[in-house]
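Just so we're aligned, residue 28 is where the sequence shown starts under the working numbering, counting upward by one.
Here a beta-carbon is modelled for each residue, glycine too, at the ideal position from N, C-alpha and C.
Here's the structure we're looking at; comments come further down.
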Amino acid sequence: MMLIAPEKLQKVVEAILMGGGSSAEEAELVAWHLVRANLTGHDSHGVGMVPAYVFIQHMDLLKPNTSVKLVKDDGAILRFDGARGYGQIVARQAMDQTIARAKETGIALMSLANAHHIGRVGTYGEQALKAGMVSIHFANVVDHSPLVAPFRGSDSRFGTNPICIAVPGGDKTDDILLDMATSKVALGKVRVAMNKGEEVEPATLLDKTGAPTTDPSVMFDEPRGALLAIGAHKGYGLAFMAEVLAGVLTGGGTIQPGNERHNSIINHMLAIVIDPTRLGDRDWMRGEIDAMVDYFKASPEQTPGEPVLSPGDPERISEAERRANGIPIDDTTWGEILDVAKANGVSAEQIEGMVG
């Protein structure tokens, strides 16, 4: 396991992406998004995604230097198409326009279709929080085989379908950011466990026969196993509705097999951005959030040393630790990054010079 300073890791990713044809500006933003995912503890959506991005780009299924296209402007409703551009770019551009519209109208709804992997959805919640806005996000994942079993099912039928809700904090409390897959874990976390030679927690995976397993390799062999949804039927219900909201309402499509699969990663996202000042007294809201968070966190610890946290606290704790000590990268992931760097014209010696 290596520990790499975030700014050095960002330079590595930037060099690889520019080797693939991305502009310096695009490479910087995509790299920042990936490294931020690692910083906040979401390694599944961090720099370990770079090998997949390079592979997909070499299949001409990811289009560098592509901007989001506004398909329809209908007052408080904005429809966008990502045209297979880097999701970190097109989703951010769509959010910028939606936030600006919400400042005018009080609320704005954004649909984004055909974006390449948008990465950690919480980043777009943070984008809204920076503008003082509330945001709600639903995403689905298409263009590749399904990953998650439906409740009572024994094989995979849909994606990890993340949901994110972001609410500005109070005067004494941090912003509230819920960012979660509707599966028990994201596929990337299973990949990280496999690369580390670790097992996953029980009741997380099914093997190809539908039997429970803790072996992460079942998700990378053929025929493939399946992830399980959070909360049994409740998590399945959330995933189902994310598929509908993100896949149907955006016009991008769902994971049902009548839609083509090219073995890439395409996200569709439906997002709602709300200006909370239009709904009531902002000072009262901040005070109420402070009181609510204080009340929840005052609950006695069930396990000593594990206090109650607010949504967003785990990310803040991880970021502080990793900024101080570096981002952990396992040897297998690092080897994969070096391989795709070479494919994009960046030598291992150049990368070693960047990380020291």
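Integer-rounded CB distance, given that residue j should sit under 8 Å from residue i
i: Met76; j: His144; result: 7 Å
i: Thr93; j: Val117; result: 7 Å
i: Leu233; j: Thr240; result: 7 Å
i: Leu97; j: Leu105; result: 7 Å
i: Thr231; j: Leu254; result: 7 Å
i: Gly47; j: Asn371; result: 5 Å
i: Arg111; j: Asn141; result: 6 Å
Same chain only: Cβ atoms within 6 Å of residue i, ignoring 5 sequence neighbours per side
i: Leu204; result: Gly149, Gly152, Ala193, Pro338, Gly339
i: Ala5; result: Residue 5 is absent from the structure shown; the chain starts at 28 and stops at 383.
i: Val300; result: Thr125, Ile126, Ala129, Ala135, Ala155, Met160, Ser162
Paired residues, beta bridge with residue i - DSSP
i: Asp321; result: None, per the DSSP bridge assignment.
i: Ile163; result: Ile192, Ile299
i: Leu44; result: Bridge partners of Leu44: none, in fact.
i: Met29; result: Ile356
Backbone CA spacing between residue i and residue j [nearest angstrom]
i: Val382; j: Ser345; result: 21 Å
i: Ser71; j: Arg128; result: 32 Å
i: Val62; j: His69; result: 9 Å
i: Glu249; j: Ser172; result: 11 Å
i: Ser244; j: Glu225; result: 10 Å
i: Lys90; j: Asp170; result: 15 Å
i: Asp330; j: Phe323; result: With the sequence shown as reference, residue 330 is identified as Thr, and Asp is not the correct amino acid for it. The alpha-carbon atoms of Thr330 and Phe323 are separated by roughly 16 Å.
i: Glu333; j: His289; result: 44 Å
i: Gly279; j: Met86; result: 21 Å
7 Å CB neighbourhood of residue i in its chain, flanking five on each side removed
i: Ala259; result: Phe178
i: Ile31; result: Gly353, Ile354, Ile356, Val382
i: Met312; result: Pro303
i: Ala51; result: Met45
i: Thr360; result: Gly75, Asn222
Cβ-based neighbour list, residue i, same chain, cut-off 8 Å, excluding 5 preceding and 5 following
i: Val275; result: Thr281
i: Val175; result: Ser183, Arg184, Phe185, Gly186, Thr187, Asn188, Thr209, Ser210, Ala253, Leu254, Leu255, Ala256, Ala266
i: Gly314; result: Gly197, Asp198
i: Asp123; result: Gln154
Residue i CB to nearest heavy atom of the ligand MN below 6 Å
i: Thr132; result: Inclusion of the ligand MN in the displayed structure is not the case, the ligand content being empty and no account of it being possible.
- Message: Just to confirm the assignment: which complete alpha helix (DSSP H) runs, minimum length 4, are found wholly within the stretch 73-158?
- Response: Segments of the alpha helix (DSSP H) lying fully in the stretch 73-158: 77-85, 114-132, 149-157.
- Item | alpha helix (DSSP H) runs wholly inside the stretch 253-297, at least 4 long, in chain order | Taken in chain order, the unbroken stretches of alpha helix (DSSP H) that lie wholly in the stretch 253-297 and span 4 residues or more are 260-269.
- Query: Fully enclosed by the stretch 351-382, which alpha helix (DSSP H) runs are 4 residues long or longer?
  - Reply: Given a length threshold of 4 residues, each whole run of the alpha helix (DSSP H) inside the stretch 351-382 is given here in chain order: 358-370, 375-382.
- Pick out the complete beta strand (DSSP E) segments inside the stretch 168-248, 3 residues or longer, and give them in chain order. Those beta strand (DSSP E) runs which fall completely within the stretch 168-248 and span 3+ residues are 190-194, 203-207.
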